[in-house]
Amino acid sequence: MDLTTVPTSMLHEEHIGVLTFSEAYFLDPSVCGAVASRRGFSAITHQLAQLLLPQSLSAASTTRGIGGSTGGIGSEFSAHDVPNVSLVFTVQPPGTVSVGQNFTVQLRATDPITGATVGGTQISILAVNNNGVPKTLLGTLTQTTNNAGLATFGDLSFDPASTGGFRLVVGGGVLDRPAISVGQTTSTKVNSKPAK
Numbered sequence: 209m210d211l212t213t214v215p216t217s218m219l220h221e222e223h224i225g226v227l228t229f230s231e232a233y234f235l236d237p238s239v240c241g242a243v244a245s246r247r248g249f250s251a252i253t254h255q256l257a258q259l260l261l262p263q264s265l266s267a268a269s270t271t272r273g274i275g276g277s278t279g280g281i282g283s284e285f286s287a288h289d290v291p292n293v294s295l296v297f298t299v300q301p302p303g304t305v306s307v308g309q310n311f312t313v314q315l316r317a318t319d320p321i322t323g324a325t326v327g328g329t330q331i332s333i334l335a336v337n338n339n340g341v342p343k344t345l346l347g348t349l350t351q352t353t354n355n356a357g358l359a360t361f362g363d364l365s366f367d368p369a370s371t372g373g374f375r376l377v378v379g380g381g382v383l384d385r386p387a388i389s390v391g392q393t394t395s396t397k398v399n400s401k402p403a404k
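For the sequence shown, the numbering used here assigns the number 209 to the initial residue and increments by one for each residue that follows.
Structural data, given as structure tokens:
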């Protein structure tokens with residue numbers, strides 16, 4: 209197949225698609241932008257485009273596997289618009305907190321293009337040490353943004369065995385679309401000290 213004769217109309221999609229069948233594969237703007245800027249396709253890019261872009265179902269296309277699987281995609285193949293969400297701490301954690309002492313952080317989810325707040329985004333939070341190793345964080349670790357795009361974690365505390373410097377890392381997904389990851393955001397450093 210001569211890849212230079214592939215119609216370029218499939219490169220000019222305005223929305224990013226996700227396979228609801230697999231709930232594990234998605235394209236982000238950096239991938240789409242890189243593909244759209246090329247004049248030719250690599251074999252892998254071409255195969256990915258053939259798999260993801262709308263096309264009529266045929267015996268050949270319904271038996272094509274996803275991610276190396278041998279199963280067919282059948283009639284469950286469909287694409288949906290994928291929202292992109294950015295997270296920002298609106299209330300940073302305290303610089304120092306005693307073990308067992310509750311503290312609060314708040315985040316805002318916004319659309320990176322329009323700046324509009326995004327409600328209904330599920331946000332999860334965890335603590336990692338300076339090497340990125342997760343540590344025990346107590347409290348309600350998953351919240352959903354309200355209509356103002358805010359998620360408040362009001363009952364967080366560190367486990368008694370957790371002392372030292374930590375960063376809070378947040379990420380999540382858009383509800384009803386579990387394949388969509390929200391970009392991670394990291395807090396300023398929090399020093400957890402023994403209780404007095």
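Beta carbons are placed, not taken as given, at the ideal position from N, Cα and C, and that holds for glycine.
For the candidate residues PRO302, GLY372, ILE331 and ASN337, whose alpha-carbon lies nearest to that of LEU315?
ILE331
According to DSSP, is GLN300 part of a helix, a strand, or is it coil?
coil
With DSSP collapsed to three states, give me the class of ILE321.
coil
Which same chain residues, not among the five before or five after PRO368, have their C-beta less than 6 Å away from its C-beta?
Excluding residues within five positions, the ones whose Cβ falls inside 6 Å are VAL307.
Return the residue from the list ARG375, GLY328, THR344 and SER365 that minimises the CA-CA distance to THR353.
GLY328
Is PRO301 buried or exposed, if buried means 16 or more other CB atoms sit within 10 Å of its CB?
buried
State the Cα-Cα distance for the pair GLY323 and VAL341, rounded to the nearest angstrom.
32 Å
Could you pull out every residue in the same chain whose Cβ sits closer than 8 Å to the Cβ of SER264, ignoring the five residues on either side in sequence?
Caution applies to SER264, whose pLDDT of 45 falls short of 50 and renders its modelled position unreliable; the value that the coordinates give is listed next. Excluding positions up to five away in sequence, the list is empty.
Does the beta-carbon distance from SER370 to THR344 come in below 7 Å?
Taking 7 Å as the Cβ cut-off, SER370 and THR344 qualify as a contacting pair.
Keeping to the same chain, check which residues put their C-beta closer than 6 Å to that of THR298; ignore five residues upstream and five downstream.
The residues are GLN314 and ARG316.
With burial defined as no fewer than 16 other Cβ atoms inside 10 Å of the residue's Cβ, what is the status of GLY357: buried or exposed?
buried
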